[in-house]
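The next block holds one structure in the form of structure tokens; read it before the comments.
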Amino acid sequence: MKEISKVRLEFDLHEYRQLALVIRDHKSLLYKLKMNELIKQGLIKDLNIIVGILERAELK
35 MKEISKVRLE FDLHEYRQLA LVIRDHKSLL YKLKMNELIK QGLIKDLNII
85 VGILERAELK
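Taking the working numbering as reference, the numbering of the sequence shown is continuous, increasing by one, and the terminal residue is 94.
Put into structure tokens, the structure is as follows:
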């Protein structure tokens, strides 16, 4: 059975929102880069997961 690990990060609200903006900006830049399409799609998928986590945490 897989062991589940949890990590808790605390940010000031301003820093938190800044982090979310930076990640979104980086994601938009990925669309413009010329790289292997599978790698690009993997990075975009990872960034979508991170942005989703940040957005859900902001609602709490």
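The C-beta atom is built at its ideal place from N, Cα and C for all residues, glycine as well.
Do residue j and residue i have their beta-carbon atoms positioned less than 8 Å apart in this structure?
i: Leu64; j: Leu77; result: yes
i: Leu67; j: Lys74; result: yes
Go through its chain and collect everything with a Cβ distance to residue i's Cβ below 7 Å, but skip five positions before and after it.
i: Arg58; result: Val85
Helix, strand or coil, according to DSSP, for residue i in the structure here?
i: Glu37; result: coil
i: Glu89; result: helix
i: Leu50; result: A small fix is needed here, since residue 50 is Tyr in this sequence, not Leu. In this structure, Tyr50 counts as helix in the three-state DSSP scheme.
From residue i to residue j, what distance separates their C-alpha atoms?
i: Leu72; j: Glu37; result: 29 Å
i: Asn82; j: Ala91; result: 14 Å
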